[in-house]
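A.B. asks: Residue numbers (our numbering): 39 to 708. No residue lacks a Cβ here, since even glycine has one placed at the ideal position from N, Cα and C. Just so it is clear, the structure is predicted and the values come from calculations on it, not from any experiment.
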């Protein structure tokens with residue numbers, strides 16, 4: 039029993055010695071591979087949104103029917119027919135606007151092949167935080183737009199019949215495939231992903247510098263003992279790779295198990311594939327960093343005979359690494375803040391579209407028929423009189439041809455209620471009289487009588503309208519001629535009580551067909567059109583389908599960019615520590631007797647601190663000016679603050695390293 043006790047004690051002691059420096063590398067490697075697993079989670083989530091794993095689709099299509107001349111109903115019917123002919127198994131992805139959660143997606147099996155695999159009511163598990171999806175009946179297509187939405191097929195992208203049909207009808211298509219190349223291309227195209235990988239590689243290179251700096255003395259002793267330098271390099275490389283591989287294995291087992299248990303076994307193959315690719319990139323970076331740093335600090339007997347420290351090459355490498363990471367941190371500050379601001383804007387836009395999730399518009403299948411226009415206009419006015427219709431029509435510089443001007447938005451009071459905006463309570467909204475409007479806004483006001491049903495209604499609209507100049511706040515408005523949502527910070531707002539005074543064919547019906555008039559309630563609008571005898575002439579569509587699908591992707595890369603920014607800051611802090619440690623080790627013989635004579639550590643590091651601070655201030659000033667002109671004052675202020683903080687951290691690290699080196703010499707623990 040005593041023998042096993044001594045054996046266990048010896049093993050634990052050996053393990054503790056082995057992990058003396060490796061435990062820090064193990065911890066950093068764990069952090070790096072945790073980032074790799076986070077990237078894999080985000081990639082898996084994005085992949086599942088584009089190609090849901092639960093229905094085993096391998097091709098996605100984004101179709102644009104605008105140039106084909108087909109209306110939505112005809113386009114969807116023709117697409118279903120080609121799917122039946124070619125046995126493609128086409129599935130249409132849409133948000134669940136009929137339910138109580140707009141973030142949920144529903145699937146419609148369009149052709150017989152898809153319906154055979156996906157019966158109505160089938161629940162499809164999703165990878166991310168999106169609720170499970172449901173297969174619904176093809177009656178849902180009656181309120182759907184044909185263009186822009188995702189179509190999934192469990193077939194071959196190279197199907198000749200499908201390509202012929204798309205080309206023959208002038209349909210623009212964007213393909214997506216379930217391939218590693220497309221997934222990597224998507225990630226590489228995102229700045230946040232590249233920042234994350236750069237931060238991870240910088241952290242790895244920094245820890246390699248730390249490892250080699252801590253091994254300088256033992257490497258020199260092994261050279262004196264006659265050990266081959268190649269053997270020394272191999273042992274040091276294994277000393278780094280072993281804890282890294284251990285960390286990677288632990289992360290892989292934990293992450294894959296968690297994905298299988300929490301999300302389902304169907305998601306493991308893709309997740310594990312992306313995790314291995316990302317970890318392979320990081321381990322390759324580690325290997326390259328070891329080769330470079332090993333060559334810089336190559337041990338030799340000549341160096342020892344000359345009493346030269348092996349840290350000389352490491353000091354230059356650490357200084358170069360410190361400079362690169364410092365510039366990288368400052369350079370990505372403005373983009374990171376811009377990405378977070380963009381994420382906030384996207385989140386606000388998503389909230390607006392979710393408020394519009396029950397709003398519909400109409401598409402007409404006739405041309406220039408005043409009798410039918412009058413019936414449509416009556417339905418629009420009836421909806422508006424009950425508070426269920428709203429107008430938002432924005433004249434932008436692109437639509438007016440007047441570049442350099444501010445947008446002019448023509449909205450009704452119901453639109454402001456719908457998007458929950460009250461200009462009277464906005465900080466940067468100023469109510470003005472008509473004579474204080476810009477030339478572009480006066481032109482819009484002057485056209486109101488021409489758009490009105492008669493002169494009396496035109497005069498009433500001008501007299502009752504309220505005018506606001508907004509500079510700094512954002513109001514969601516729809517671009518004129520489309521349903522594109524705009525969030526301009528500079529805007530002239532013309533608020534009308536209602537749109538009932540507009541003429542039928544002159545403004546009201548054209549604005550409705552361009553989706554600038556929205557109404558509440560799909561079934562209500564359908565029943566009114568049916569009673570008016572327009573069931574075959576007008577199609578009712580949700581206005582927010584495509585936008586909600588697009589906005590579901592908006593926040594991932596912004597959060598990833600924020601995580602990458604934090605990783606870069608951690609890399610810079612570690613690089614500062616390594617550089618200060620190497621510098622103190624090189625100057626220990628010079629600094630030790632001076633500190634014995636009472637010279638302070640700050641005085642000994644003064645020259646280095648002043649030189650680095652001057653260079654950092656110069657680089658920071660240049661990058662701050664660039665951020666000021668390109669992004670704005672907030673990003674420039676953050677860049678300047680980070681510059682000052684980096685200088686203080688670097689100076690403190692040098693002072694503490696000199697003190698630590700003096701203590702190490704005294705206690706003979708150097």
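By the three-class DSSP mapping on this structure, what secondary structure does residue 464 have?
C.D. replies: Counted from its first residue, the chain shown places residue 464 at position 426. The answer is coil: DSSP assigns residue 464 none of H, G, I, E or B.
A.B. asks: Can you find the residues in the same chain that come closer than 7 Å, C-beta to C-beta, to residue 468, ignoring five residues on each side of it along the sequence?
C.D. replies: Counted from its first residue, the chain shown places residue 468 at position 430. Result list for residue 468: 506 and 507, in chain order.
A.B. asks: Quick one: Cα of residue 545 to Cα of residue 392, how far?
C.D. replies: To locate residue 545, count along the chain shown from 1; it is residue 507. To locate residue 392, count along the chain shown from 1; it is residue 354. Between residue 545 and residue 392, the C-alpha separation is close to 27 Å.
A.B. asks: Compute the Euclidean distance between the alpha carbons of residue 165 and residue 306, then round it to the nearest angstrom.
C.D. replies: Looking up residue 165 in the chain shown gives position 127. Looking up residue 306 in the chain shown gives position 268. The alpha-carbon atoms of residue 165 and residue 306 are separated by roughly 10 Å.
A.B. asks: Please name the residue in 125, 169, 663 and 134 whose C-alpha comes closest to that of residue 153.
C.D. replies: Here residue 153 refers to the residue found at position 115 of the chain shown. The option with the nearest alpha carbon to residue 153 is 125.
A.B. asks: How would you write the range of the alpha helix (DSSP H) that residue 308 sits in, first residue to last?
C.D. replies: Working through the chain shown from its first residue, we reach residue 308 at position 270. Here the alpha helix (DSSP H) through residue 308 covers 306-334.
A.B. asks: Who are the Cβ neighbours of residue 274 in its own chain at under 8 Å, not counting the five residues just before and after it?
C.D. replies: Position 236 of the chain shown, counting from 1, holds the residue named residue 274. So the list reads 249, 250, 253, 257, 328 and 332, once near-sequence residues are dropped.
A.B. asks: Could you tell me the alpha carbon to alpha carbon distance between residue 443 and residue 478, rounded to whole angstroms?
C.D. replies: The residue given as residue 443 occupies position 405 in the chain shown. The residue given as residue 478 occupies position 440 in the chain shown. If I take the Cα positions, the gap works out to 8 Å.
A.B. asks: From residue 233 to residue 603, what does the alpha carbon distance come to, in whole angstroms?
C.D. replies: Your numbering for residue 233 matches position 195 in the chain shown. Your numbering for residue 603 matches position 565 in the chain shown. Spanning the two alpha carbons is a distance of roughly 7 Å.
A.B. asks: Counting along the chain, where does the beta strand (DSSP E) carrying residue 130 start and finish?
C.D. replies: Numbered from 1 along the chain shown, position 92 holds the residue referred to as residue 130. Counting along the chain, the beta strand (DSSP E) containing residue 130 begins and ends at 128-133.
A.B. asks: Is it right to say residue 450 is buried, meaning 16 or more other beta carbons lie within 10 angstroms of its own, or is it exposed?
C.D. replies: Reading the chain shown from its first residue, position 412 is the one you call residue 450. The residue is buried, with at least 16 neighbouring Cβ atoms inside 10 Å.
A.B. asks: In this structure, does DSSP put residue 222 in helix, strand or coil?
C.D. replies: Here residue 222 corresponds to residue number 184 of the chain shown, with the count starting at 1. Note: residue 222 maps to helix in three-state DSSP.
A.B. asks: Could you please give the first and the last residue of the uninterrupted alpha helix (DSSP H) stretch that includes residue 672?
C.D. replies: In the chain shown, the residue the question calls residue 672 occupies position 634. Start and end: 671-705.
A.B. asks: Please report the straight-line C-alpha distance between residue 303 and residue 221, rounded to a whole angstrom.
C.D. replies: Position 265 of the chain shown, counted from the first residue, corresponds to residue 303. Position 183 of the chain shown, counted from the first residue, corresponds to residue 221. Taking the straight line from one Cα to the other gives about 20 Å.
A.B. asks: Which residue's Cα is closest to the Cα of residue 562: 431, 420, 625 and 621?
C.D. replies: Walking along the chain shown from the start, residue 562 turns up at place 524. The option with the nearest alpha carbon to residue 562 is 420.
A.B. asks: Could you check how far apart the C-beta atoms of residue 713 and residue 71 are, in whole angstroms? I think they sit under 8 Å.
C.D. replies: Absent from the model: residue 713. The displayed extent of the chain is 39 to 708, so no value can be given.
A.B. asks: Taking the straight line between their C-alpha atoms, what separation do you get for residue 693 and residue 661?
C.D. replies: In the chain shown, counting from the first residue as 1, residue 693 sits at position 655. In the chain shown, counting from the first residue as 1, residue 661 sits at position 623. Taking the straight line from one Cα to the other gives about 27 Å.
A.B. asks: Is residue 401 helix, strand or coil when you go by DSSP?
C.D. replies: Here residue 401 refers to the residue found at position 363 of the chain shown. It is a strand residue.
A.B. asks: In chain order, what residues of the same chain lie with their CB nearer than 7 Å to the CB of residue 721, ignoring the 5 residues before and after it?
C.D. replies: There is no way to answer for residue 721, as the model of the chain reaches only from 39 to 708.
A.B. asks: Excluding the 5 residues preceding and the 5 following residue 311 in the sequence, name in chain order all residues of the same chain whose CB lies nearer than 7 Å to its CB.
C.D. replies: Translated into the one-based positions of the chain shown, residue 311 becomes position 273. The answer, listed in chain order, is 218.
A.B. asks: Can you tell me where the beta strand (DSSP E) with residue 160 in it begins and where it stops?
C.D. replies: As a working note, residue 160 is residue 122 in the chain shown. It is not in any beta strand (DSSP E) - residue 160 carries neither H nor E in the DSSP assignment.
A.B. asks: If the criterion is Cβ atoms closer than 9 Å, does the pair residue 103 and residue 167 meet it?
C.D. replies: Mapped onto the chain shown, residue 103 falls at position 65. Mapped onto the chain shown, residue 167 falls at position 129. No, these two residues do not count as a Cβ contact at 9 Å.
A.B. asks: Sorted by chain position, which residues of the same chain lie with C-beta nearer than 8 Å to residue 502's C-beta, five sequence neighbours on each side aside?
C.D. replies: Mapped onto the chain shown, residue 502 falls at position 464. Within the same chain, residue 502 has close Cβ partners 534 and 535.
A.B. asks: Only counting the same chain, and skipping five residues up and downstream in sequence, which positions put a Cβ closer than 7 Å to that of residue 688?
C.D. replies: Counted from its first residue, the chain shown places residue 688 at position 650. Once the five neighbours on either side are set aside, the close Cβ partners of residue 688 are 614 and 650.
A.B. asks: So, do the segment 404-418 and the segment 569-587 have three or more beta carbon pairs nearer to each other than 8 Å?
C.D. replies: Touching, yes, given that three or more Cβ pairs across the two stretches are closer than 8 Å.
A.B. asks: If I measure Cβ to Cβ from residue 663 and keep anything under 8 Å in the same chain, skipping five residues before and after, which residues do I get?
C.D. replies: Stepping through the chain shown from its first residue, residue 663 is reached at position 625. Correct list, in chain order: 674.
A.B. asks: Measure the C-alpha to C-alpha separation of residue 272 and residue 297 and round it to an integer number of angstroms.
C.D. replies: Counting from 1 along the chain shown, the entry for residue 272 is found at position 234. Counting from 1 along the chain shown, the entry for residue 297 is found at position 259. The alpha-carbon atoms of residue 272 and residue 297 are separated by roughly 36 Å.
A.B. asks: How many angstroms separate the CA atom of residue 427 from the CA atom of residue 540?
C.D. replies: Mapped onto the chain shown, residue 427 falls at position 389. Mapped onto the chain shown, residue 540 falls at position 502. Distance between the alpha carbons of residue 427 and residue 540 is about 14 Å.
A.B. asks: Could you check where the beta strand (DSSP E) with residue 98 kicks off and where it finishes?
C.D. replies: Within the chain shown, numbered from 1, the residue matching residue 98 stands at position 60. Unbroken beta strand (DSSP E) run through residue 98: 97-102.
A.B. asks: Could you please give me the residues that DSSP links to residue 523 through a beta bridge?
C.D. replies: Position 485 of the chain shown, counted from the start, is the residue given in the question as residue 523. Note: residue 523 sits in a beta bridge opposite 516.
A.B. asks: Look at the alpha carbon of residue 629 and the alpha carbon of residue 665, and state the distance between them as a whole number of angstroms.
C.D. replies: One-based indexing of the chain shown puts residue 629 at position 591. One-based indexing of the chain shown puts residue 665 at position 627. If I take the Cα positions, the gap works out to 41 Å.
A.B. asks: Touching or not, the segment 261-270 and the segment 639-653, by the rule of three or more beta carbon pairs under 8 Å?
C.D. replies: Contact fails: fewer than three Cβ-Cβ distances are below 8 Å.
A.B. asks: Would residue 161 and residue 171 be called neighbours here (beta carbons separated by less than 9 Å)?
C.D. replies: On the chain shown, position 123 is the one that residue 161 refers to. On the chain shown, position 133 is the one that residue 171 refers to. A contact, by the Cβ cut-off of 9 Å.
A.B. asks: How about the segment 450-466 and the segment 510-522: do they share at least three Cβ pairs that are nearer than 8 Å?
C.D. replies: Verdict: yes, contact present.
A.B. asks: Let me confirm a value: residue 705 is counted as buried when at least 16 other C-beta atoms fall within 10 Å, else exposed. Which label applies?
C.D. replies: The residue labelled residue 705 in the question sits at position 667 within the chain shown. It is exposed - the Cβ of residue 705 has fewer than 16 other Cβ atoms within 10 Å.
A.B. asks: Determine the direct distance from the alpha carbon of residue 323 to that of residue 94, and round the result to whole angstroms.
C.D. replies: Translated into the one-based positions of the chain shown, residue 94 becomes position 56. Translated into the one-based positions of the chain shown, residue 323 becomes position 285. Distance between the alpha carbons of residue 94 and residue 323 is about 34 Å.
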